[in-house]
Each structure stands twice: as structure tokens, then as C-alpha cells.
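Visitor: Take a look at the following structure, please.
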Amino acid sequence: MVWLRRDLRLHDHRALAAACASGAQVFVAFVFDTTILGKLDNPDDRRLTFIHDSLAEVDAALRVRDARLIVAHGDPVEEIPRLAKAIGATSVWTNKDYEPSAVARDDAVAAKLKAAGVAFTALKDQVVFEEREVLTRTGGVYKVFTPYRAAWLSALGAVAGSGTASDAVRACDPDLDALAACGAEAVRGKTLDDWPLERLGFRRRELWIAPGMRGAKQLLARFRPKVADYETARDRPAPAAEEPDGTSGLSAHLRFGTLSIRECVRLALATRGADTWLSELVWREFYQMILSQTPELAAGRPYKPETAGIRWPGTDEHFAAWCEGRTGYPIVDAAMRHFNRTGWMHNRLRMIVAMFLVKDLLVDWRKGEAYFARHLLDFDFAANNGGWQWSASTGCDAQPYFRIFNPIGQSERYDPDGRYLRSELPELAACADREIHFPHAKGRNPRAAAYPLPLVDHGLQRMKAMGLFQAR
Ligand SMILES: Cc1cc2nc3c(=O)[nH]c(=O)nc-3n(C[C@H](O)[C@H](O)[C@H](O)COP(=O)(O)OP(=O)(O)OC[C@H]3O[C@@H](n4cnc5c(N)ncnc54)[C@H](O)[C@@H]3O)c2cc1C
0 MVWLRRDLRL HDHRALAAAC ASGAQVFVAF VFDTTILGKL DNPDDRRLTF
50 IHDSLAEVDA ALRVRDARLI VAHGDPVEEI PRLAKAIGAT SVWTNKDYEP
100 SAVARDDAVA AKLKAAGVAF TALKDQVVFE EREVLTRTGG VYKVFTPYRA
150 AWLSALGAVA GSGTASDAVR ACDPDLDALA ACGAEAVRGK TLDDWPLERL
200 GFRRRELWIA PGMRGAKQLL ARFRPKVADY ETARDRPAPA AEEPDGTSGL
250 SAHLRFGTLS IRECVRLALA TRGADTWLSE LVWREFYQMI LSQTPELAAG
300 RPYKPETAGI RWPGTDEHFA AWCEGRTGYP IVDAAMRHFN RTGWMHNRLR
350 MIVAMFLVKD LLVDWRKGEA YFARHLLDFD FAANNGGWQW SASTGCDAQP
400 YFRIFNPIGQ SERYDPDGRY LRSELPELAA CADREIHFPH AKGRNPRAAA
450 YPLPLVDHGL QRMKAMGLFQ AR
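All residue numbers for the sequence shown refer to numbering that gives the first Met the number 0, where the first residue is 0 and numbers rise by one.
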């Protein structure tokens, strides 16, 4: 039995390929994990639509081969051994998940299966290099990205743009002829039809990207001709109607595994000028590695322990204004309103809003991290925690003194004609390009009468933020 988790596809899939190669008949299963779903208090959570639709595509592809996706609802520690017993599985295959709670869950599942005489095998699939595979010369864990990337590329042994792929990224396509034809008895009460979204307690949402393997394929095809332009195009946020524009928009697909990371790396290796995009894929692995080697991060600990004592003085009122996009700083407000409506935010904007919350509003980064975790369609603990701690200067590469973005300067630089701002902030329609980045700079601006006054003065707050780091 293959247990799908964050790998909702049937191609280039290590666990499925290995199970199919084992010579046994293979069943494919998924568990709606109540220990996770129980913590999601928003019935409109978009991720459930993404997951459900992606599973429906997997099920449809299995049906073509007279197989079915077997679906359970409950705690996987109980459900996986129960399903394995029900279908008479001798072995359970899965792809590894490096989040501390997932590691603990898998250990418990493995122990329970072992007691029942069922083997459990978890394979590396989600990343090219995992855990301690890329280490410093002295066998230590990298704490800074740039040397990690150099070591990662060297371990890959393939040169970007050369078209050569190393073994580490070769496709693992399963032989789907090994799939077990599921008789009605085997799947009774255990299919996706038995678990519609509403029964799980969630409502269907509009998504800004198509889910599933097909959605990933479409986005990748759209991005393929743009990979080489990524370096110059990646920092310009596009209005909602045009996203994802200069970046791939593939993060949710990589999060839920409707796309294989190896396929992305192969594309980057085969494309001249794709080095910068490849670096982003390495950032993803860097944060996965950091989390696997520092599981305490999942308990809210800053990566740099010396920053743990900082008492962030930001207020609940300011946090609420940030969440709702009414800080008086247009680039922050546009990004947050767009985010609240869609669950998507461009990388440059994630950095700007995160830094603004922490360094201008002086709010504890963990509050922003939790807000993103609740609303991001592509939420991934390792990347989100890494991004927040980078922005808050509490993480790897922490640089409190010069990593304080000026939100007005960022807006002028990355949205010079205010196209993005205008698409989200109708109150600024009458503003000229030169004033739109900070309309109330010289007191209340009648052309932005309906737009809030700035909550804080950036110059002053910047000094206060530096003071917090100095005083710790
Ligand atoms: C505060 C903050 C929070 C973030 N939270 C998340 C999150 O929860 N989930 C998430 O996937 N990314 C997160 N990121 C990283 C990054 O913003 C997104 O991965 C990126 O915006 C997704 O857009 P894209 O798919 O078009 O990326 P592209 O620019 O096309 O990059 C390709 C892929 O590389 C990976 N990637 C790119 N940048 C990063 C990065 N800095 N860190 C880790 N992986 C990266 C993603 O998987 C992405 O899909 C966060 C960044 C910040 C600053």
C-alpha cells in the first residue's frame, strides 16, 4: 500500500515507483488526518479544495486502470494499520515528510505496523538532498545559504544550462500496471466519494491556480519559456488578474507534491540562464534541511537563541491593521488585501510585509508567521518559518542592522508606476505616480481622502527596531 501525503501525483514518485517495482499488487491510499484538520478552524480554508480536487484527479487516473484511491478519515496512526489490515497489505510505502510532527506520526505508524508484521518504508522524494546529505567540510550543518547552495550544486554534480541531469534528479516513473484492481468490497466506504468536502467540514473555494497534476503541468508549461527571464522579472509583483507573471507560481504544487521537485530541477538544469530560479529551489531545500536539523523551530523558537529575549512592544491594534491592509503604507496594504482575497502573495511582497510587521510595527514575528500559516495556499512550515525568521533577523543569515526595508523605497523600486497598488487600492485611483507610494507624506492628501493615515513613522520605528536588538 502506498500512502500519499504531500505527494499527490502518480508520476515521478519514489514511493509509488518502489512499491510498483516490488512485484506485489499495489493499492494507493490517503488519510484525511483529523489531528491536522482539527486544528483548522476556518471552514473556507482553500487548501482543502486544492487537496480534494488533486485527490479527485488521482482517483480518476487510478480508475482508468480499474484501481481506486482508498480514502480514510481519522488519525493515521490508527487508520494506516487498519487499512493495511483490511486490504491485506504486507508493506506500506510512503515519501518522507520532515516536519517534526510528521516525523513523530510516522514513527508511531511504523511501530504499529511493525507490531502487526507489516513493513514500513519512507523514501526521500520531496527534496533532492535531505537532512544531513549536504554538510560542511567538517561534517557540520550549514547555517548560511550561499555556501549551502554551492555545496548543494556540487553534490548534484550537474551544471545549470548544460542539459545534463544527475542521478539525484532522474525521474522515478512507476509502472502503473502493478496497481491492484479494486473490487467493490475492498473499497466499500473508503473512497473519495465517501468524503466530500462538506462532510469534512469545509466549503469549496475559488482557487487562483488550477490544482492537481494537470494544474501543475499547465503552470510549468506557461513558465517554461520564461525561466531564463526569471532573474530580471521575478521582483515585480503583478496585479491579481495577471499572476503569477515573472515567477513560476508553482509553490502550492511543490507543497502538495502535484509536481515533482526533480522535474523542476531538471527544467532548470536544461535551461540556460535558469541559475537564479534553481537557487530558489535550493532555498526551499535549505529551509527543509534547517527544520529537519533544528526541530525546536516548530515550537516557536528563534533560530538565533540570543534573540529569544526580545520583548516586541507592537500592539494588537497595529497587528489587526496589518492583517486587514490599513496601515497607511500602500505596498503593505495592497499585498495584504490581495493575500486575504486569494491566499497568494508574491515573494517580494512577503518580505516587505513581514519586515514591516516586525521592524515598523514591532509586532512579534510569530504572530505574522501564524497569520500566513492560516491563509497561505502554499503554506509550508519550513519555508514560512524560514522566511519570517529571515525577515525578523532572528533566523539564519540574521542581519538586524541593515536588513530593514524601507516600504516606500521598495514600492517605488518594484512597482514604479503604481500599477500593482492601483489594482488593489481603489482609494488611490486619483493619486499621481509620484505620490501613490506614500500618499499622506505631507499630511492628509485630499486625493487619497479615503485611504488611512500611516500608523507609524518608518524612520522612527527603524531606530526603535535596532534598539530592540541592541538591548537584548
Ligand atoms: C515571510 C515569508 C513567508 C513565506 N512562506 C512560504 C510558504 O509558506 N510556502 C512556500 O512555499 N514559500 C514561502 N515563502 C517563500 C516564497 O515567498 C515562495 O516560495 C514564493 O513566493 C512562491 O512563488 P513561486 O512559486 O512563484 O516561486 P518561484 O520564485 O517561481 O520559485 C520556485 C519555487 O522555489 C521555492 N522557493 C522560492 N523562494 C523560496 C524561499 N525564499 N524559501 C523557500 N522556498 C522558496 C518555492 O517552492 C517556489 O515555488 C515565504 C517567504 C517569506 C519571505
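The C-beta atom is built at its ideal place from N, Cα and C for all residues, glycine as well.
Is it right to say Ser291 is buried, meaning 16 or more other beta carbons lie within 10 angstroms of its own, or is it exposed?
Guide: Your numbering for residue 291 matches position 292 in the sequence shown. Under this definition Ser291 is a buried residue.
Visitor: Report the three-state DSSP secondary structure of Gly367 (helix, strand or coil).
Guide: Here residue 367 refers to the residue found at position 368 when the sequence shown is read from its first residue. Three-state DSSP puts Gly367 in a helix.
Visitor: So, is Ala354 buried or exposed, given that buried needs 16 or more other C-beta atoms within 10 angstroms?
Guide: One-based indexing of the sequence shown puts residue 354 at position 355. Per the sequence shown, residue 354 should be read as Met rather than Ala. Buried, since its Cβ has 16 or more Cβ neighbours within 10 Å.
Visitor: In whole angstroms, what is the alpha-carbon distance linking His345 and Glu205?
Guide: As a first step, residue 345 is located in the sequence shown; it is residue number 346 there, counting from the start. As a first step, residue 205 is located in the sequence shown; it is residue number 206 there, counting from the start. Rounded to the nearest angstrom, the two C-alpha atoms are 19 Å apart.
Visitor: For Thr246 versus Arg254, is the C-beta spacing smaller than 8 Å?
Guide: Numbered from 1 along the sequence shown, position 247 holds the residue referred to as residue 246. Numbered from 1 along the sequence shown, position 255 holds the residue referred to as residue 254. No, Cβ-Cβ distance for Thr246 and Arg254 is not below 8 Å.
Visitor: Based on Cα-Cα distance, which residue from Asp274, Gly394, Ala154 and Leu112 lies nearest to Tyr286?
Guide: Reading the sequence shown from its first residue, position 287 is the one you call residue 286. The option with the nearest alpha carbon to Tyr286 is Gly394.
Visitor: Say the cut is 7 Å; is the CB of Asp379 nearer than that to a heavy atom of ligand 1?
Guide: Reading the sequence shown from its first residue, position 380 is the one you call residue 379. At a threshold of 7 Å, Asp379 counts as near ligand 1, since its beta carbon sits closer than that to one of the ligand's heavy atoms.
Visitor: Measuring CB atoms only, is the region 370-381 touching the region 400-413, in the sense that at least three cross pairs come out at less than 8 Å?
Guide: no
Visitor: I want to know whether the region 53-67 touches the region 185-194 - three or more CB-CB distances under 8 Å.
Guide: yes
Visitor: Any heavy atom of ligand 2 closer than 7 Å to the beta-carbon of Phe29?
Guide: Ligand 2 is not among the ligands present in this structure, which contains only ligand 1.
Visitor: Can you list, in chain order, the residues of its chain with a C-beta nearer than 6 Å to that of Lys358? Leave out the 5 residues immediately preceding and following it.
Guide: Here the question's residue 358 lines up with position 359 in the sequence shown. Only Ile403 and Ala464 meet the Cβ criterion.
Visitor: When you measure from the CB of His345 to every non-hydrogen atom of ligand 1, does any distance come out below 7 Å?
Guide: Sequence index remark: in the sequence shown, residue 345 carries index 346 (1-based). Yes, the Cβ of His345 comes within 7 Å of a heavy atom of ligand 1.
Visitor: Tell me whether Gly200 sits in a helix, a strand or coil according to DSSP, three-state version.
Guide: Taking the sequence shown and counting its residues from 1, the one referred to as residue 200 is at position 201. Coil.
Visitor: Please classify Gly156: is it buried, with 16 or more other beta-carbons within 10 angstroms of its beta-carbon, or exposed?
Guide: Residue 156 sits at position 157 when you count from the first residue of the sequence shown. By the neighbour-count rule (16 or more Cβ atoms within 10 Å), Gly156 is not buried but exposed.
Visitor: Could you tell me whether the Cβ atoms of Ala28 and Leu82 are closer together than 8 Å?
Guide: Walking along the sequence shown from the start, residue 28 turns up at place 29. Walking along the sequence shown from the start, residue 82 turns up at place 83. Ala28 is a Cβ neighbour of Leu82, given a cutoff of 8 Å.
Visitor: Can you tell me whether Pro95 is buried or exposed, with buried defined as 16 or more other CB within 10 angstroms of its CB?
Guide: Indexing the sequence shown from 1 puts residue 95 at position 96. First, the amino acid is wrong: residue 95 is Lys here, not Pro. Lys95 should be labelled buried.
Visitor: In three-state terms, what does DSSP make of Thr93?
Guide: As a working mapping, residue 93 is identified with position 94 in the sequence shown. Residue state, collapsed to three classes: strand.
Visitor: To the nearest angstrom, report how far apart Asn339 and Lys84 are at their CA atoms.
Guide: The residue you call residue 339 lines up with position 340 of the sequence shown. The residue you call residue 84 lines up with position 85 of the sequence shown. Rounded to the nearest angstrom, the two C-alpha atoms are 43 Å apart.
Visitor: Could you check whether Val91 and Val117 sit closer than 8 Å to each other, using their CB atoms as the reference points?
Guide: The count along the sequence shown starts at 1 and reaches residue 117 at position 118. The count along the sequence shown starts at 1 and reaches residue 91 at position 92. Cβ distance < 8 Å, so Val117 and Val91 count as in contact.
Visitor: Does the region 442-454 come close enough to the region 415-434 to have 3 or more Cβ pairs within less than 8 Å?
Guide: yes
Visitor: Which partner residues does Ile69 have in the DSSP bridge list?
Guide: What you label residue 69 is simply residue 70 of the sequence shown in a count that begins at 1. Paired residues: Ala28.
Visitor: Starting from Phe338, trace the alpha helix (DSSP H) both ways and give me its first and last residue.
Guide: On the sequence shown, position 339 is the one that residue 338 refers to. Run containing Phe338: Pro329 to Thr341, per the alpha helix (DSSP H) assignment.
Visitor: Can you tell me which residues form a DSSP beta bridge with Val1?
Guide: In the sequence shown, residue 1 corresponds to position 2, counting from 1. Answer is Val27 and Trp92, bridged to Val1.
Visitor: Just confirm the distance between the C-beta atoms of Ala88 and Phe26, as a whole number of angstroms; I'd bet it's less than 8 Å.
Guide: As a working mapping, residue 88 is identified with position 89 in the sequence shown. As a working mapping, residue 26 is identified with position 27 in the sequence shown. Contact flag correct, Cβ pair sits at about 7 Å.
Visitor: Quick check on DSSP: helix, strand or coil for Leu268?
Guide: For the purposes of this step, residue 268 is identified with residue 269 of the sequence shown, where counting begins at 1. If DSSP states are grouped into helix, strand and coil, Leu268 belongs with the helices.
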